[in-house]
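Each residue of the sequence shown is one higher than the one before, counting from 66 in the numbering used here.
Where is the CB? At the ideal position from N, CA and C, for every residue including glycine.
Since the model is a prediction, treat every value here as computed from it, not as a measurement.
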Amino acid sequence: HRRYAESTFVVYSTNGGATWQEVEVNGNMSTNTNTTNPQTLQLNLSNEIGGHDSVRIGFKYIGQWDWFWAVDDVKLSTPDAHDVSVAGVYWGSTDTWGARLPYYQIPTAQVTQIDFSGVIENLGYMNESVTFNATAGAYNGSSAPTPIPAFSSDTANCTAGFTPAAVNANITVGVNVQIDSTDANPANNTIANAATISVNASIYARDKDNVTGGSYNAGDGFEVGNIFDIYAGADLSAIDVYINGAAVAGATVYSKLYSIDPQTGDFIFVDESNPYTLTANDLDALITLPLSGGAYTLTANTPYLVVCGSLGDGGATNDLVVGTSGVSEAQTSFYLDLTNTTWYYTTSTPMVRMNFSNASIDEPVAGHSFSVSPNPAAGSTTIALSGKTGADVTVSIVDITGKEVYNNVVSSLSGTASLEVNTAAFGNGMYLVNVISNGTKTSKKLVVRN
66 HRRYAESTFV VYSTNGGATW QEVEVNGNMS TNTNTTNPQT LQLNLSNEIG
116 GHDSVRIGFK YIGQWDWFWA VDDVKLSTPD AHDVSVAGVY WGSTDTWGAR
166 LPYYQIPTAQ VTQIDFSGVI ENLGYMNESV TFNATAGAYN GSSAPTPIPA
216 FSSDTANCTA GFTPAAVNAN ITVGVNVQID STDANPANNT IANAATISVN
266 ASIYARDKDN VTGGSYNAGD GFEVGNIFDI YAGADLSAID VYINGAAVAG
316 ATVYSKLYSI DPQTGDFIFV DESNPYTLTA NDLDALITLP LSGGAYTLTA
366 NTPYLVVCGS LGDGGATNDL VVGTSGVSEA QTSFYLDLTN TTWYYTTSTP
416 MVRMNFSNAS IDEPVAGHSF SVSPNPAAGS TTIALSGKTG ADVTVSIVDI
466 TGKEVYNNVV SSLSGTASLE VNTAAFGNGM YLVNVISNGT KTSKKLVVRN
């Protein structure tokens, strides 16, 4: 299943199709994410259809301009007496923000206790007493025996948490459940790799580091990012962002750091990066956006929000698309729509991270500057150049495929020059204006709307 905004249901009728009941499935998936291929989904309808001499089963899809739901190999079976399953793992660390936040990358300075809980389903028709177990490195945690009635689910919490050593390490988390009786389907009792936690020198991340989707605003302005609880005071120097491959080279992006007003919950601007123009090499890659004010000291036991954003290009292109990976609990990852200046929460985890290293973007100092106006252009635009070194300046314009549609050279520029470009010869869309001198290239977006 590939999810966008549709709804999918299993439907059933116990009266020959006169009336139908429905059970939603795939409802916990985030937008623009996929299930495994194939996905095996087990739905227990014993309470709903048990005791009837006949039943009709169907599938229902509600959506518009969505992706798809491919259903195959449907099997109906009676439940076993004893069958429990690990349906999910709820893990992470809890501080001032109040939610249990999973950190897949943790700086050694931010190491703290991690708690584990298992979401357990009893698929059998007998009541069970279930123990949930978690392992992480040398840690072995278990819950107290938890009673779970037949055909129901519950959460079991490990009685002790896990605090990793403050040394660089990759830690695999494994979980399983146990019951006193023989389980009819032991394969669903275990998740061998429920998570991998990387303890490292400088990166704090809530995403799974495996891009599965993207967050964007169809060319309009937006910001998106994550809440982080800070457990020890530290100097934040930069914000890392994974740029989805659907973003557009030439998009101008930035990062921001917000604190949170403890009384109102409002996000308070602290600092931001300088504007940065995406290049083709930045697409489907991680970039680092240093804070313009230098390293900012974060306060212990305080939450902060870090985001990546763009003012957009008026809807001409995708502009910025931030990679997403994993699922966020409600009210822990946020999206600002700049068209109405409204904050929303998102359940698709943005790949926006804190970077505590002494980060910088290596950018050569250009011996030139330029502007493009009007932009968007309708029929023509003027490229105004300013040069300091007397070097030749090459101006080129390329479309989004990289095809060059304009090229001109201004010889020995020392002062100013203007180039009028006939954009009527271009198709509507987004272009990149490249200016090169002394081996240094700078770029700006040009939107053509003839």
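*Under the three-state DSSP convention, the category Ile426 falls into*: Confidence at Ile426 is low in this model, with a pLDDT of 46, below 50, so the placement of that residue should be treated as unreliable; the coordinate-derived value is given next. Residue state, collapsed to three classes: coil.
*From the DSSP output, which residues share a beta bridge with Arg418?*
Partner(s): Asp305.
*asked:* Taking 7 Å as the limit between beta carbons, can you name the residues of its chain near Ser434, skipping five residues before and five after?
replied: Counting only Cβ-Cβ distances below 7 Å, and skipping sequence neighbours, we find Ser451.
*Could you name the residues of the same chain whose beta carbon sits closer than 8 Å to that of Thr173, not counting the 5 residues immediately before and after it, in chain order?*
Same-chain partners within the cutoff: Ala231, Val232, Asn233, Val264, Asn265, Ala266.
*Starting from the Cα of Ala221, find the closest Cα among Ala381, Trp130, Asp305, Val240 and give me that residue.*
Nearest C-alpha to Ala221: Val240.
*Tell me, please, which residues DSSP counts as bridged to Gly206.*
Residue pairing by DSSP places Gly206 opposite Ala199 in a beta bridge.
*What is the C-beta distance between Thr277 and Asn99, in whole angstroms, given that I count them as a contact (C-beta under 8 Å)?*
Asn99 and Thr277 do touch by the CB rule: their CB atoms are close to 7 Å apart, below 8 Å.
*Tell me whether Ala252 sits in a helix, a strand or coil according to DSSP, three-state version.*
Three-state result, Ala252: helix.
*Would you kindly work out how many angstroms separate the C-alpha atoms of Asn102 and Ser218, rounded to a whole number?*
One Cα belongs to Asn102, the other to Ser218, and the distance between them is close to 25 Å.
*Taking Ser438 as the reference, give the member of Val498, Gly206, Val458 with the closest Cα.*
Here the closest residue by C-alpha is Val498.
*With DSSP as the reference, label Ile465 as helix, strand or coil.*
Coil.
*Which ranges would you report for the beta strand (DSSP E) in the region 70–148 if only whole runs of at least 3 residues count?*
Scanning the region 70–148 from its first residue to its last, the whole beta strand (DSSP E) runs of 3-plus residues come out as 72–78, 86–90, 121–127.
*Identify whether Gln396 lies in helix, strand or coil by the three-state DSSP scheme.*
Correct three-state label for Gln396: coil.
*Under the three-state DSSP convention, the category Asp219 falls into*: For Asp219, the three-state secondary structure derived from DSSP is strand.
_Neighbourhood of Thr255 by C-beta, 6 Å cutoff - its chain only, sequence neighbours within 5 removed_ = Excluding positions up to five away in sequence, the list reads Asn241.
*Is it buried or exposed for Ile426, if we count other Cβ within 10 angstroms and need 16 for buried?*
At Ile426 the pLDDT is 46, less than 50, meaning the model places this residue with poor confidence; the figure from the coordinates comes in the next sentence. Of the other Cβ atoms in all chains shown, fewer than 16 fall within 10 Å of the Cβ of Ile426; this residue is therefore exposed.
*Bridge-paired residues (DSSP) for His433*: Answer is Gly452.
*Quick one: grab the DSSP three-state call for Ala314.*
Correct three-state label for Ala314: coil.
*Can Gly189 and Ala146 be called in contact, C-beta distance under 7 Å?*
Cβ atoms of Gly189 and Ala146: closer than 7 Å.
_Checking 7 Å against the spacing of the C-beta atoms, do Phe181 and Ala199 come in under that value?_
Yes; because the gap between Cβ atoms is below 7 Å, this pair is in contact.
_Three Cβ pairs or more, each shorter than 8 Å: is that satisfied between the region 357–377 and the region 329–336?_
Counting Cβ pairs under 8 Å, three or more are found: they touch.
_Suppose the cutoff is 6 Å on Cβ atoms and the five residues either side in sequence are ignored; what does the same chain contact list for Ile171 look like?_
Around Ile171: Val264.
*Around the Cβ of Glu428, are there at least 16 other Cβ atoms within 10 angstroms (buried) or fewer (exposed)?*
Unreliable placement is indicated for Glu428, whose pLDDT of 44 sits below 50; the coordinate value is still reported in the next sentence. Residue environment for Glu428: exposed (fewer than 16 other C-beta atoms within 10 angstroms of its C-beta).
_His117, buried or exposed, once every other Cβ within 10 Å from all chains shown has been counted against 16_ = His117 comes out exposed.
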